[in-house]
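J.:
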Amino acid sequence: MAPSAQPTAELSHLPKADGSATFSYCGFTVTAAVNGPVEAPRRDENAFEALVDVIVRPAAGLGGTAERQLESILQPALRQLVPLRNFPRCMIQITLQVMEMPQNSYANTKLLQAQLNLAIIPALLHAAILGLLTAAVPLKAIATATTLAVGVEGGEDDIVVDPGMAEADKAQSIHVLGFTSDDELLLAESAGSFTAEEWDKILQIGQRICCQGHDSGLDTAMAGDALESHSIKAFIRSVMETKTSADLYWK
Numbered sequence: 001m002a003p004s005a006q007p008t009a010e011l012s013h014l015p016k017a018d019g020s021a022t023f024s025y026c027g028f029t030v031t032a033a034v035n036g037p038v039e040a041p042r043r044d045e046n047a048f049e050a051l052v053d054v055i056v057r058p059a060a061g062l063g064g065t066a067e068r069q070l071e072s073i074l075q076p077a078l079r080q081l082v083p084l085r086n087f088p089r090c091m092i093q094i095t096l097q098v099m100e101m102p103q104n105s106y107a108n109t110k111l112l113q114a115q116l117n118l119a120i121i122p123a124l125l126h127a128a129i130l131g132l133l134t135a136a137v138p139l140k141a142i143a144t145a146t147t148l149a150v151g152v153e154g155g156e157d158d159i160v161v162d163p164g165m166a167e168a169d170k171a172q173s174i175h176v177l178g179f180t181s182d183d184e185l186l187l188a189e190s191a192g193s194f195t196a197e198e199w200d201k202i203l204q205i206g207q208r209i210c211c212q213g214h215d216s217g218l219d220t221a222m223a224g225d226a227l228e229s230h231s232i233k234a235f236i237r238s239v240m241e242t243k244t245s246a247d248l249y250w251k
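Here UniProt numbering is used: the first residue of the sequence shown is 1, the next is one more, and so on.
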């Protein structure tokens, strides 16, 4: 299947979950099922705040080290978005099922390498955010993420936004940056070799991409950097506005 040119989403399609969403972009399709706040297991409950339980399931086979690594990245990021102290002794369960991956990204049901593993983080995060919103879980802010590949063609100044699997495999380094709707850095994961100067440029570009939207004054095509990316922030707002309007429509 060819990677989707634009992000797409289907909301509230799992009847047994409090909230659900399927997010597709750049060849990745992830379905999120959210339940909660529910009563936390006695051995895990916290008397002062809610627990956030994140489970990542691969497209094929059983979860392993790669999925546990993704869970360890996403769980603290999502904890920062949920007002945990509003739900003491409760748990919010977020299950992320990888439905589709770009072609040739799996070998023996495992991701090929760490660089390819990082590339799926934005799709996982965006599916989780949409799932939380449809479950009516209050959030302090929403968040968006993007993937940047450096040195795909061998040049240090060569930066590709939302790289394909072949580009990610050839890159000298790959970076995943996530920012909240308040323009605050939420997560930063990197693999490969890069300099401090490259990192400063990557951070600046990542913030511009993640924080663009109708209210930011930035177009989806950013002239000057010759970089193009769809505004996921505007996309999330649009699909949620459409869903809210449909839910409030009286027939």
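Positions of the beta carbon are idealized from the N, C-alpha and C atoms, including for glycine.
Keep in mind the model is a prediction, meaning the values are calculated, not measured.
Straight-line CA distance for threonine 134 to valine 38?
T.: Going by the C-alpha atoms only, they are around 16 Å apart.
J.: Taking the continuous beta strand (DSSP E) assigned at isoleucine 232, which residues delimit it?
T.: Unbroken run through isoleucine 232 is the alpha helix (DSSP H), 232-248; no beta strand (DSSP E).
J.: Taking the straight line between their C-alpha atoms, what separation do you get for alanine 149 and alanine 5?
T.: Each residue's alpha carbon lies about 18 Å from the other.
J.: On the three-state DSSP scale, how would you describe asparagine 35?
T.: Strand, per DSSP.
J.: Beta carbon of glycine 36, beta carbon of glutamine 93: below 9 Å?
T.: In contact: glycine 36 and glutamine 93 (Cβ atoms closer than 9 Å).
J.: What would DSSP say about isoleucine 142, mapped onto helix, strand or coil?
T.: DSSP places isoleucine 142 in coil when its eight states are reduced to three.
J.: Could you work out which residue in Leu185, Asp158 and Arg42 is closest to glutamine 172 when comparing CA atoms only?
T.: Measuring from the Cα of glutamine 172, the nearest candidate turns out to be Asp158.
J.: Report, in whole angstroms, the separation of the C-beta atoms of cysteine 210 and threonine 146, which I expect to be a contact under 8 Å.
T.: So it is a contact: roughly 6 Å between Cβ atoms.
J.: How many angstroms separate the CA atom of alanine 119 from the CA atom of threonine 8?
T.: Distance between the alpha carbons of alanine 119 and threonine 8: 17 Å.
J.: Return the Cβ separation of valine 52 and glutamate 71 in integer angstroms, given the expectation that the two are a contact with Cβ distance under 8 Å.
T.: That pair is no contact at about 11 Å.
J.: Going by DSSP, which residues form a beta bridge with serine 190?
T.: Answer is His175, bridged to serine 190.
J.: Per DSSP, what are the beta-bridge partners of serine 20 in this structure?
T.: BP columns for serine 20 point to Ala33.
J.: Could you tell me the distance, in whole angstroms, from the CA atom of glutamine 204 to the CA atom of alanine 66?
T.: In a straight line, the C-alpha of glutamine 204 is about 28 Å away from that of alanine 66.
J.: Excluding the five sequence neighbours on either side, which residues of its own chain have a C-beta within less than 7 Å of the C-beta of glycine 63, listed in chain order?
T.: So the list reads Val56 and Arg57, once near-sequence residues are dropped.
J.: For lysine 233, count neighbouring Cβ atoms within 10 angstroms of its own Cβ and tell me buried if that reaches 16, exposed if not.
T.: With 16 or more other Cβ atoms within 10 Å, it is buried.
J.: Would you kindly check if the distance between the Cβ of alanine 143 and the Cβ of isoleucine 129 is under 9 Å?
T.: In this structure, alanine 143 lies closer than 9 Å to isoleucine 129 by Cβ.
J.: Just mark alanine 168 as buried or exposed, buried being the case when its beta carbon has 16 or more other beta carbons within 10 Å.
T.: It counts as buried.
J.: Pull up the CB-CB distance for methionine 101 and threonine 31, whole angstroms please, since I reckon it's below 8 Å.
T.: Incorrect: roughly 13 Å between the Cβ atoms, too far for contact.
J.: Could you compute how far the alpha carbon of glycine 192 sits from the alpha carbon of glutamine 69?
T.: Cα-Cα distance, rounded: 17 Å.
J.: Do you know how far the Cα of glutamate 10 is from the Cα of alanine 17?
T.: Those two C-alpha atoms are separated by around 14 Å.
J.: Just tell me which of Cys90, Cys26, Val34 and Arg237 has its CA closest to the CA of serine 181.
T.: The residue with the shortest Cα to Cα distance from serine 181 is Arg237.
J.: Use the C-beta contact count for tyrosine 249: other C-beta atoms within 10 angstroms, 16 or more gives buried, fewer gives exposed.
T.: Tyrosine 249 should be labelled exposed.
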